[in-house]
Amino acid sequence: MPLIPDHRIYVEPFFGGGSVYRAKAPAPCEVINDVNMNVVNFYQVLKSRSKKLEAKIKETLLSRETYKKAMLIYDCPRLFADDKVTRAWAFRVSVSQGYLNKI
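For the sequence shown, our numbering begins at 103 and goes up steadily by one.
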């Protein structure tokens, strides 16, 4: 990305979809954050346990019941705090199966 100079530390306080982060050259130290803790959890799981998340997503049916289950997990993340992969799955399902991809 031409407008971002060479850097050793990169901090993204409002990560969202992470388009700037993915477009820039990697840095030795990178920090991401977002006001939505489900976004941060999703990218942490994607980085550290992507195979497990990918398997769970591949097993997922496109259905109203699946969406309802995902929204329950998405809306109550503290009840599922110990299962980060399930929370990441719920975030992905809620975005991909929601109306106009909105949660």
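Each residue gets a CB set at the ideal place from its N, CA and C atoms; glycine is no exception. Note that the structure is a prediction, hence the values are computed from the model and not measured.
Exercise. Quick one: does the C-beta of residue 159 sit closer than 6 Å to a heavy atom of the ligand GDP?
Worked result: Although the ligand GDP was asked about, the structure shown includes no ligands whatsoever.
Problem set entry | When 152, 201, 195, 183 are compared against residue 168, the one with the closest alpha-carbon | Position 66 of the sequence shown holds residue 168. Closest option to residue 168, Cα to Cα, is 195.
Problem set entry | Status (buried if at least 16 other CB within 10 Å, exposed otherwise) for residue 159 | Taking the sequence shown and counting its residues from 1, one reaches residue 159 at position 57. Residue 159 is exposed by the Cβ-count criterion.
Exercise. Quick one: what does DSSP say residue 113 is sitting in, helix, strand or coil?
Worked result: If you number the sequence shown from 1, residue 113 lands on position 11. Reduced to three states, the DSSP call for residue 113 is strand.
Exercise. Should residue 190 go down as buried or exposed, given a rule of 16 or more other Cβ atoms within 10 Å for buried?
Worked result: For the purposes of this step, residue 190 is identified with residue 88 of the sequence shown, where counting begins at 1. It counts as buried.
For this session: Pick helix, strand or coil for residue 122, following the three-state DSSP scheme.
Result: Position 20 of the sequence shown, counting from 1, holds the residue named residue 122. Three-state DSSP puts residue 122 in a helix.
Exercise. Can you name the residues that DSSP bridges to residue 133?
Worked result: For the purposes of this step, residue 133 is identified with residue 31 of the sequence shown, where counting begins at 1. According to DSSP, residue 133 shares a beta bridge with 113.
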